[in-house]
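Peer 1: Everything in the sequence shown is counted per my numbering, starting at 7 for the first residue and increasing by one.
Here a beta-carbon is modelled for each residue, glycine too, at the ideal position from N, C-alpha and C.
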Amino acid sequence: MKSLHTATIFFVGPLPPPVHGFSEINRRMLIALRSRHQVLAFDMTPRASRLSFLFILWRFLLCVVRRRPKALYLALSGGYRQWIDLAFVLLARLRDIPIFVHHHSFSYLNDRRLSAVVSLRALRDATHVVLCECMGQQLMKQYGIELVNMRVLSNSAFLEDIEAPASCMALVHAQPAALRIGFLSNITAEKGIFEFFAVLRESQALGVSLQGVIAGPVDSAIKESFSATLAASTNVQHVGAVYGVAKSAFFANIDILFFPSKLQEAEPVTILEALGHGVPVIAFARGCIEGMVPAAAGAVFSYSETFAKHAIEALRPLAENHVLLVQARHSARAIFEAGRASNKAVLESLMAEMGGNGITKPVSA
Numbered sequence: 007m008k009s010l011h012t013a014t015i016f017f018v019g020p021l022p023p024p025v026h027g028f029s030e031i032n033r034r035m036l037i038a039l040r041s042r043h044q045v046l047a048f049d050m051t052p053r054a055s056r057l058s059f060l061f062i063l064w065r066f067l068l069c070v071v072r073r074r075p076k077a078l079y080l081a082l083s084g085g086y087r088q089w090i091d092l093a094f095v096l097l098a099r100l101r102d103i104p105i106f107v108h109h110h111s112f113s114y115l116n117d118r119r120l121s122a123v124v125s126l127r128a129l130r131d132a133t134h135v136v137l138c139e140c141m142g143q144q145l146m147k148q149y150g151i152e153l154v155n156m157r158v159l160s161n162s163a164f165l166e167d168i169e170a171p172a173s174c175m176a177l178v179h180a181q182p183a184a185l186r187i188g189f190l191s192n193i194t195a196e197k198g199i200f201e202f203f204a205v206l207r208e209s210q211a212l213g214v215s216l217q218g219v220i221a222g223p224v225d226s227a228i229k230e231s232f233s234a235t236l237a238a239s240t241n242v243q244h245v246g247a248v249y250g251v252a253k254s255a256f257f258a259n260i261d262i263l264f265f266p267s268k269l270q271e272a273e274p275v276t277i278l279e280a281l282g283h284g285v286p287v288i289a290f291a292r293g294c295i296e297g298m299v300p301a302a303a304g305a306v307f308s309y310s311e312t313f314a315k316h317a318i319e320a321l322r323p324l325a326e327n328h329v330l331l332v333q334a335r336h337s338a339r340a341i342f343e344a345g346r347a348s349n350k351a352v353l354e355s356l357m358a359e360m361g362g363n364g365i366t367k368p369v370s371a
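1) How many angstroms separate the CA atom of Glu271 from the CA atom of Phe313?
2) Is it the case that the segment 41–50 contacts the segment 105–122, given that we only count it when at least three CB pairs across the two stretches are under 8 Å?
3) Counting Cβ pairs closer than 8 Å, one from the segment 271–284 and one from the segment 196–216, do we hit at least three?
4) Cα-Cα, which of Gly218, Ala334, Ala195, Pro171 is closest to Lys229?
5) Please state whether DSSP places Ile168 in a helix, a strand or coil.
6) For the pair the segment 162–171 and the segment 259–267, tell me if three or more CB-CB distances fall below 8 Å.
7) Alpha carbon to alpha carbon, how far is Leu212 from Ala317?
8) Mind reading off the beta-carbon distance from Val306 to Ala291? Whole number of angstroms is fine, and I expect it under 8 Å.
9) Which residue's Cα is closest to the Cα of Ala184: Leu39, Leu21, Ala325, Ser308?
10) Counting pairs of Cβ atoms below 8 Å between the segment 12–23 and the segment 51–69, do you hit three or more?
11) In whole angstroms, what is the alpha-carbon distance linking Met146 and Ala237?
12) Taking the alpha carbon of Val158 as the point to measure from, which residue in Gly304, Phe59, Ser355 has its own alpha carbon closest?
13) Classify Gln217: buried if its beta carbon has 16 or more other beta carbons within 10 angstroms, exposed otherwise.
14) Rank Leu82, Ala93, Leu97, Asp91 by C-alpha distance to the C-alpha of Val70 and give the top, closest one.
15) Could you check the C-alpha separation between Gln210 and Met141 for me, to the nearest Å?
16) Quick one: any contact between the segment 30–41 and the segment 59–68, if contact means 3 or more CB pairs under 8 Å?
17) Considering only the beta carbon of each residue, do Gly84 and Ser113 sit closer than 9 Å?
18) Under 9 Å, do Ala258 and Ala221 count as touching if we go by C-beta distance?
19) Would you mind sorting Ala81 into buried or exposed? The rule is 16 or more other CB atoms within 10 Å of its CB.
20) Please classify Pro300 as buried or exposed, where buried requires at least 16 neighbouring CB atoms within 10 angstroms.
21) What are the start and end residues of the beta strand (DSSP E) that includes Tyr79?
22) Under a three-way DSSP split, which group does Leu96 fall into?
23) In the DSSP assignment, the beta strand (DSSP E) including Val245 goes from what residue to what residue?
24) Nearest to Leu115 by CA position, among Asp131, Ile151, Ser337, is which residue?
25) Leaving aside the five residues before and after Val5 along the sequence, list all residues of the same chain whose C-beta is less than 6 Å from its C-beta, in chain order.
26) Under DSSP, the alpha helix (DSSP H) around Ala425 begins and ends at which residues?
27) Just to confirm, are Ile260 and Ile277 a CB contact at a threshold of 9 Å?
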């Protein structure tokens, strides 16, 4: 509680562990905020006890009563835990604390939910941080949040540790025998692993030579079927879970990332990481993905029964023309660098706004 007397920002959101996209971006946001402000964090990671949030809420109440911060930063949950988030919102409103709510999910934007209806009514006048213009449009359409209250901030602002790989900047060797296509995710049916296998299988019949590389831990629910499909495939290998240096090595050893998720994705960090490593991306249209991957750096299309054919036809020119592959790799890196630079500027402006330096118009990259 010592930092309470100097804290200017209260931070509410789940932090690692466990490590996943949401918690990791929250961690990086907290680091960024602490580089500019005194921040008191309330870690909302679910614990063994389902009622552990009550202790955190009680601590938050005591802090709010003793000191009114300049702002509350809330990393909004995507599901039923929005009811818990609402309790923090109501306490902040009682003290007239400016609220900055960061949206990370499309689950309540594609379909209206009661928890979101109630929470966002209480947050109507808050400042809403969205990942892309598409997310902002859905927020306005479903819940009537005005554009003037939105700030568009991509997760690329937090990926400072991705440097241009030498393999991207100096890719001049001969045409590879097979295009190396990668899959990086927790390996589940919903994340599209069997769609990945289908593309590799059908590519042989359609005359496109592909070599698959799968990285990630296998979900126990599909372990048996995954192992059987992998054993029956002649052009794919599984390298297990990869982190840190091993993840960078994974990107260095593939030509294309295929992201065939069927979930309600928002702005997948994996796609940003691929682009940052100079790896073009093929993906299904979900959330912000269509705006993340322009034609020069890959392809995005809707999921359908003919998805394998669409994916293979998008891969064909890159498999057959090494010059196009090199150009796509350079474009991927350039797009990432431009997006990261512009969004870092947005982040700086947003953090200044949290400190009380107001703006009069929406900020976006």
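Peer 2: Inspection of the coordinates gives the following:
1) For the purposes of this step, residue 271 is taken as residue 265 along the sequence shown, with counting starting at 1. For the purposes of this step, residue 313 is taken as residue 307 along the sequence shown, with counting starting at 1. Taking the straight line joining both Cα atoms gives about 18 Å.
2) no
3) no
4) Residue 229 sits at position 223 when you count from the first residue of the sequence shown. It is Ala195 whose Cα lies nearest to the Cα of Lys229.
5) Counted from its first residue, the sequence shown places residue 168 at position 162. Coil at Ile168, not helix or strand.
6) Touching, no, given that fewer than three Cβ pairs across the two stretches are closer than 8 Å.
7) Taking the sequence shown and counting its residues from 1, the one referred to as residue 212 is at position 206. Taking the sequence shown and counting its residues from 1, the one referred to as residue 317 is at position 311. Rounded to the nearest angstrom, the two C-alpha atoms are 11 Å apart.
8) Residue numbering aside, residue 306 sits at position 300 when the sequence shown is read from its first letter. Residue numbering aside, residue 291 sits at position 285 when the sequence shown is read from its first letter. That pair is a contact at about 5 Å.
9) Walking along the sequence shown from the start, residue 184 turns up at place 178. The option with the nearest alpha carbon to Ala184 is Ala325.
10) yes
11) The residue given as residue 146 occupies position 140 in the sequence shown. The residue given as residue 237 occupies position 231 in the sequence shown. The alpha-carbon atoms of Met146 and Ala237 are separated by roughly 48 Å.
12) For the purposes of this step, residue 158 is identified with residue 152 of the sequence shown, where counting begins at 1. The residue with the shortest Cα to Cα distance from Val158 is Ser355.
13) Mapped onto the sequence shown, residue 217 falls at position 211. It is buried - the Cβ of Gln217 has at least 16 other Cβ atoms within 10 Å.
14) Stepping through the sequence shown from its first residue, residue 70 is reached at position 64. The residue with the shortest Cα to Cα distance from Val70 is Leu97.
15) Translated into the one-based positions of the sequence shown, residue 210 becomes position 204. Translated into the one-based positions of the sequence shown, residue 141 becomes position 135. Their Cα atoms are separated by approximately 38 Å.
16) No: fewer than three Cβ pairs fall under 8 Å.
17) Your numbering for residue 84 matches position 78 in the sequence shown. Your numbering for residue 113 matches position 107 in the sequence shown. Result yes, Cβ atoms of Gly84 and Ser113 sit closer than 9 Å.
18) The residue you call residue 258 lines up with position 252 of the sequence shown. The residue you call residue 221 lines up with position 215 of the sequence shown. For Ala258 and Ala221, no; Cβs fall outside 9 Å.
19) Position 75 of the sequence shown, counting from 1, holds the residue named residue 81. Ala81 comes out buried.
20) The residue you call residue 300 lines up with position 294 of the sequence shown. With fewer than 16 other Cβ atoms within 10 Å, it is exposed.
21) In the sequence shown, residue 79 corresponds to position 73, counting from 1. Counting along the chain, the beta strand (DSSP E) containing Tyr79 begins and ends at 77–81.
22) Along the sequence shown, one-based indexing puts residue 96 at 90. Three-state result, Leu96: helix.
23) Residue numbering aside, residue 245 sits at position 239 when the sequence shown is read from its first letter. Taken as a continuous stretch (DSSP letters only), Val245 belongs to no beta strand (DSSP E), as it is neither H nor E.
24) As a working mapping, residue 115 is identified with position 109 in the sequence shown. The option with the nearest alpha carbon to Leu115 is Ile151.
25) Absent from the structure is residue 5, since the part of the chain shown begins at 7 and ends at 371.
26) Only positions 7 to 371 of the chain appear in the structure, and residue 425 is not among them; the question remains open.
27) On the sequence shown, position 254 is the one that residue 260 refers to. On the sequence shown, position 271 is the one that residue 277 refers to. Result no, Cβ atoms of Ile260 and Ile277 do not sit closer than 9 Å.
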